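Read through the structure below, which is laid out as structure tokens, and then see the notes.
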Amino acid sequence: MAKVLTLDDVNVDGKTVLLRVDINSPLDPATKAFLDDTRIRAILPTLQKLVKAKVIILAHQSRPGKDDFTSTLGHARELGRLLGRQVKWVDDIHGPKAMKAIEELEPGQLLMLNNVRMDEQETSVKGDLKAMGETHLVQRLASVADLFVNDAFACAHRSTPSIVGFTGLLPCVAGELMGNEIRKLDHALETPERPCLAVLGGVKVDDSIQVADNMLRNGIADALWPTGGVANLLLDLAGYDIGEPNRAFLKKELDKHWAPTIKLAKTLIQDHGDKIHLPVDLAANIEGNRVDIPLKDFPIEAPFWDIGINSVFHLSAAIRNAGTIILNGPSGVFENPDFALGTIEMLNACAESEGYAVMGGGHTATLVAQRGLADKMGHVSTGGGACLDYIAGRPLPGVVSLEQSAVAFGIDISHAEKNA
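The following block contains the structure:
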């Protein structure tokens with residue numbers, strides 16, 4: 057379990073608090089209106105705990121060069137609407153205008169700075185903790201703050217100044233969202249109810265293979281049920297000819313990660329083949345139509361866009377009887393209604409299961425929200441890449457920095473564990 061300090065361990069009344077959040081949201085291309093405010097709503101519990109503090113909000117929207125790379129003015133307005141009170145905004149990050157606005161803050165007031173990725177050092181200085189701590193952004197903001205709160209779990213796998221640069225300069229604690237993510241994921245990974253299933257799909261095949269390796273090798277998962285690109289790769293390596301269109305797609309997606317992913321996947325099959333439940337059929341897109349193809353009829357020179365109907369039945373039954381389900385990635389091209397069956401049914405099964413279901417971030421979380429299933433799941437993560445890294449057993453820089461700060465500032469770890 058991550059040994060971090062939370063807001064329950066500190067007194068924030070009257071303090072100036074730097075709050076890093078991830079409210080990066082999908083925007084309408086034409087109007088820039090919010091298409092989904094889930095991430096903004098997710099930080100409300102943290103702000104409720106900071107009602108007596110002077111709060112400086114650090115956030116980003118997209119990245120330089122993209123069409124949705126905008127200021128955070130709209131985010132401040134949307135947050136204010138949700139809170140029912142003013143959220144001040146300044147067109148600056150750490151310059152004179154920002155410093156003046158911070159100086160004028162009163163307890164109970166909120167100030168959102170402009171898009172932190174508009175600061176050149178935020179996107180160019182990475183990896184070196186000392187260098188990140190010496191950036192203008194970190195030095196100037198640390199000089200006017202008493203505490204740094206990291207509530208940006210979705211960015212926790214990023215090593216950037218606004219995520220890890222304040223380590224050693226200020227006490228750094230986890231916000232409510234960050235603490236909840238750590239607690240819920242740790243529960244599923246460290247004390248799962250049995251049987252524990254890893255249901256891994258999507259096109260991030262290299263990440264999913266690493267997740268599968270971590271969960272099977274360390275006895276976290278009792279079974280792996282691959283879908284999507286993960287299933288295609290494992291079927292091919294198990295001796296089923298998936299056809300050149302599907303093999304070419306995998307090579308393109310994996311690119312430079314092809315060789316190490318193939319090596320790890322082969323080891324996975326060799327060491328844990330008895331725990332891997334491969335699909336018994338796949339759904340091919342043949343001239344725009346869904347055609348379910350059993351393995352005995354391979355190869356098919358057409359792209360596979362979903363697991364087949366019989367595989368959907370077997371997977372759904374396994375999920376309904378599981379104690380813990382850790383699911384990440386769709387089972388196919390869910391955007392096409394004819395090939396959304398596998399994805400829809402496995403999510404429905406998770407919602408109906410009495411087991412503890414953890415949904416990875418990204419597309420999975422979006423689909424769960426769209427189908428109104430969020431309150432029927434054990435946990436729906438706000439982090440795509442961060443969640444994948446965490447369940448793959450890879451250290452998250454944002455979490456590591458919180459642990460380091462807890463030690464540096466003399467935190468009672470036994471007390472911190474209770475609250476994290």
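Just so it is clear: in the sequence shown, position 140 is 196 by the working numbering, and no numbers are missing. A virtual CB, placed ideally from N, CA and C, is assigned to each residue, including glycine. From a predicted model like this one, the values you see are computed outputs, not experimental measurements.
Opposite residue i in the DSSP bridges: which residues?
| i | result |
| --- | --- |
| L320 | According to DSSP, which records beta bridges pairwise, L320 is partnered with nothing at all. |
| M415 | L383 and V436 |
| A58 | None, per the DSSP bridge assignment. |
| F360 | A340 |
| A279 | L253 |
| A230 | T62 and N206 |
| R450 | Answer is none; R450 lacks a bridge partner. |
| F477 | The structure shown has nothing for residue 477, since the chain only spans 57 to 476. |
| I113 | L75 and M168 |
Going by other Cβ atoms of all chains shown within 10 Å of its Cβ, with 16 needed for buried, is residue i buried or exposed?
| i | result |
| --- | --- |
| D468 | Residue placement at D468 is poorly supported in this model, since its pLDDT is 46, which falls under 50; the coordinates are not used for a value here. |
| D78 | buried |
| N345 | exposed |
| Q104 | exposed |
| A304 | exposed |
| S409 | buried |
| V463 | exposed |
| L100 | exposed |
| G440 | buried |
| A472 | Model confidence at A472 stands at a pLDDT of 39, short of 50, so the residue's coordinates are unreliable and nothing is read from them. |
| D362 | buried |
| A378 | buried |
| T323 | exposed |
| P85 | exposed |
| Q142 | exposed |
| E178 | buried |
| D36 | Outside the displayed span of the chain (57 to 476) sits residue 36, for which this structure offers no information. |
| P393 | exposed |
Taking just the CA atoms, how far does residue j sit from residue i?
| i | j | result |
| --- | --- | --- |
| K88 | L444 | 29 Å |
| L225 | V456 | 15 Å |
| R450 | A425 | 27 Å |
| I238 | D93 | 22 Å |
| M155 | L74 | 13 Å |
| L169 | G416 | 29 Å |
| R173 | S218 | 9 Å |
| E300 | A442 | 32 Å |
| H213 | S437 | 14 Å |
| A254 | L383 | 6 Å |
| S470 | C211 | Annotation note: pLDDT 38 at S470 (below 50); position unreliable, coordinate value reported separately. C-alpha separation (whole angstroms): 26 Å. |
| L351 | F209 | 40 Å |
| L293 | P82 | 37 Å |
| A476 | A230 | At A476 the pLDDT is 41, less than 50, meaning the model places this residue with poor confidence and gives no usable figure here. |
| R273 | P316 | 17 Å |
| D123 | D148 | 20 Å |
| V414 | M402 | 13 Å |
| A374 | A358 | 28 Å |
| G136 | C228 | 25 Å |
| D202 | R119 | 29 Å |
| A109 | I381 | 39 Å |
| E343 | L233 | 45 Å |
| G284 | Q326 | 21 Å |
| G130 | A321 | 44 Å |
| N80 | A115 | 8 Å |
| L61 | L197 | 21 Å |
| Y412 | E190 | 43 Å |
| P251 | S199 | 50 Å |
Can you give me the Cβ contacts of residue i inside the same chain, cut-off strictly under 6 Å, excluding the 5 residues immediately before and after it?
| i | result |
| --- | --- |
| G364 | D337, L338, A339 and D348 |
| Q460 | T223 |
| A287 | P335 |
| H328 | L272 |
| G257 | T283, G284, V286, G385, P386 and S387 |
| F204 | L74, F222, L226 and C228 |
| R76 | L114, N206, A208 and S218 |
Looking only at its own chain, which residues have a Cβ that is under 7 Å from the Cβ of residue i, when we skip the five neighbours before and after it?
| i | result |
| --- | --- |
| T399 | P386, S387, G388, F390 and L423 |
| K474 | Caution is warranted here: a pLDDT of 38 is assigned to K474, below 50, making its placement in the model unreliable, and the coordinate value is therefore given only provisionally. So the list is empty, once near-sequence residues are dropped. |
| S215 | K182, G183 and P453 |
| A407 | L429, K432 and M433 |
| R376 | A405, E408 and S409 |
| V368 | L397, G398 and E401 |
Between residue i and the ligand NAD, is there a pair consisting of the residue's CB and a ligand heavy atom that are separated by less than 7 Å?
| i | result |
| --- | --- |
| I382 | Looking at this structure, you won't find the ligand NAD or any other ligand, since it has none at all. |
Given residue i, which residues of its chain have a CB within under 8 Å of its CB, disregarding the five upstream and five downstream residues?
| i | result |
| --- | --- |
| M188 | V181, K182, V194, S215, T216, P217, V220 and G221 |
| N67 | none |
| R97 | L138 |
| D297 | F354 and P355 |
| D126 | A small fix is needed here, since residue 126 is Thr in this sequence, not Asp. For T126, where only same-chain residues beyond five positions count, the Cβ hits under 8 Å are L83, K88, Q117, S118 and N171. |
| F395 | A339, N341, R346, W361, D362, G388 and V389 |
Kindly indicate if chain B contains any beta-carbon less than 8 Å away from that of residue i.
| i | result |
| --- | --- |
| L91 | Reference to chain B is not applicable here, since this structure consists of a single protein chain. |
Item checked: alpha helix (DSSP H) runs contained entirely in the segment 130-160, provided each spans 4 or more residues -> Qualifying alpha helix (DSSP H) stretches, in chain order: 152-159.
Margin query: As an exercise, report each continuous beta strand (DSSP E) stretch of at least 3 residues that is fully enclosed by the segment 239-266, in chain order.
Written below: Correct list: 252-256.
Next item on the list: Could you tell me which uninterrupted alpha helix (DSSP H) segments, each at least 4 residues in length, are contained entirely in the segment 304-358, listed from first to last along the chain?
Entry: Runs of the alpha helix (DSSP H) inside the segment 304-358: 314-328.
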